[in-house]
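Colleague: Using the working numbering, read the sequence shown as starting at 696 and increasing by one per residue.
In this text, a Cβ means the ideal position worked out from N, Cα and C, and glycines have one as well.
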Amino acid sequence: MDPSPPPSSETVARRFRRQPRRDTAPELAVRRRLHARGVRYRVDVRPSPATRARGDLVWKGRRLVVFLDGCFWHACPECGHLPHANSAWWAAKLAGNTARDRRADAVLRAEGWRVLRFWEHEDPDAVADAICRALGRPVSGEVSSPGAVTAASTGPRATTRAGRRRPHRR
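Here it is as structure tokens:
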């Protein structure tokens with residue numbers, strides 16, 4: 696691909712320079728919902744040395760990586776669009792981005808990773824539910840059977856219903 700064309704205006708140049716690579720509003724919304732459910736994760740991690748892709752949320756032990764893709768940068772078929780200025784360059788750039796995403800997915804899956812991709816416009820609660828399902832965690836609104844043992848109900852920091860810590864059993 697050709698080097699970046701000159702920006703159509705200084706305002707556009709400033710806007711694109713300010714684009715965050717991590718901690719975007721959709722990422723923060725999903726992370727808040729997962730954290731409220733007791734789900735912990737690693738942020739902005741490269742899961743494999745075989746790819747430069749950095750997962751937005753990563754569970755190395757579970758071999759699960761989640762990407763929360765921006766609609767513009769990853770060419771969302773529902774709401775992505777091409778800018779009018781330099782449209783040929785942008786078409787090639789966005790096609791390259793999606794091809795890179797597919798290559799990263801293939802490399803990670805070949806190494807045994809589960810890859811989940813979501814668009815920034817998707818409902819954060821639905822995204823958090825899908826992630827919880829992939830992790831084998833209860834989903835909001837779903838009730839597990841009484842007495843069911845979950846990962847959250849075992850372990851050294853588990854609490855009783857009254858909020859007291861359970862005694863450690865050996």
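Between which two residues does the alpha helix (DSSP H) carrying residue 734 extend?
Modeller: Walking along the sequence shown from the start, residue 734 turns up at place 39. Neither: residue 734 is in no alpha helix (DSSP H) and is coded neither H nor E.
Colleague: Give the range of the beta strand (DSSP E) segment to which residue 784 is assigned.
Modeller: Walking along the sequence shown from the start, residue 784 turns up at place 89. From DSSP, residue 784 is part of no beta strand (DSSP E) but of the alpha helix (DSSP H) over 782-805.
Colleague: May I ask you to report which of helix, strand or coil DSSP gives residue 758?
Modeller: For the purposes of this step, residue 758 is identified with residue 63 of the sequence shown, where counting begins at 1. Of the three classes helix, strand and coil, the one that applies to residue 758 here is coil, per DSSP.
Colleague: Taking the alpha-carbon positions, what's the residue 850 to residue 831 distance?
Modeller: Counting from 1 along the sequence shown, the entry for residue 850 is found at position 155. Counting from 1 along the sequence shown, the entry for residue 831 is found at position 136. Residue confidence for residue 850 is low, a pLDDT of 43 falling below 50, so the modelled location carries little weight; the figure read from the coordinates is stated next. Computed Cα separation, rounded: 16 Å.
Colleague: Can you tell which of 808, 763, 734, 742 has its C-alpha closest to the C-alpha of residue 720?
Modeller: Along the sequence shown, one-based indexing puts residue 720 at 25. Considering only alpha carbons, the answer is 763.
Colleague: Quick check on residue 728: buried or exposed, where buried means 16 or more other Cβ atoms within 10 Å of its Cβ?
Modeller: Residue 728 sits at position 33 when you count from the first residue of the sequence shown. When all chains shown are included, residue 728 counts as buried.
Colleague: Determine the closest residue to residue 736 out of 823, 796, 834, with distance taken between C-alpha atoms.
Modeller: Against the sequence shown, residue 736 aligns to sequence position 41. Here the closest residue by C-alpha is 823.
Colleague: From residue 827 to residue 734, what distance separates their C-alpha atoms?
Modeller: Locating residue 827 in the sequence shown gives position 132, where the first residue counts as 1. Locating residue 734 in the sequence shown gives position 39, where the first residue counts as 1. Computed Cα separation, rounded: 8 Å.
Colleague: When DSSP labels each residue in this structure, what does residue 834 get in the three-state scheme?
Modeller: Here residue 834 is taken as the residue at index 139 of the sequence shown, counted from 1. If DSSP states are grouped into helix, strand and coil, residue 834 belongs with coil.
Colleague: Who are the near neighbours of residue 811 in its chain, counting only those whose CB is closer than 8 Å to its CB and skipping five residues on each side?
Modeller: On the sequence shown, residue 811 is found 116 positions in, with the first residue counted as 1. For residue 811, where only same-chain residues beyond five positions count, the Cβ hits under 8 Å are 759, 760, 761, 762, 825, 826, 829.
Colleague: Closer than 8 Å is the cut-off here; do at least three beta carbon pairs connect the stretch 777-787 with the stretch 797-810?
Modeller: Touching, no, given that fewer than three Cβ pairs across the two stretches are closer than 8 Å.
Colleague: Please identify the residue among 732, 803, 706, 814 whose C-alpha is closest to the C-alpha of residue 755.
Modeller: Along the sequence shown, read from residue 1 onward, the residue named residue 755 stands at position 60. If we check each option's Cα against that of residue 755, 803 comes out closest.
Colleague: In angstroms with no decimal places, state the Cα-to-Cα distance between residue 790 and residue 818.
Modeller: Taking the sequence shown and counting its residues from 1, one reaches residue 790 at position 95. Taking the sequence shown and counting its residues from 1, one reaches residue 818 at position 123. Distance between the alpha carbons of residue 790 and residue 818: 25 Å.
Colleague: Would you report the Cα separation of residue 748 and residue 815, rounded to the nearest angstrom?
Modeller: Reading the sequence shown from its first residue, position 53 is the one you call residue 748. Reading the sequence shown from its first residue, position 120 is the one you call residue 815. Whole-angstrom Cα-Cα distance: 18 Å.
Colleague: Per DSSP, which one or two residues make a beta bridge with residue 811?
Modeller: Taking the sequence shown and counting its residues from 1, one reaches residue 811 at position 116. Note: residue 811 sits in a beta bridge opposite 761.
Colleague: What are the residues that DSSP puts in a beta bridge with residue 725?
Modeller: Counting from 1 along the sequence shown, the entry for residue 725 is found at position 30. BP columns for residue 725 are empty, so no partner.
Colleague: With which residues is residue 750 paired in a DSSP beta bridge?
Modeller: Here residue 750 is taken as the residue at index 55 of the sequence shown, counted from 1. In DSSP, residue 750 forms a bridge with 740.
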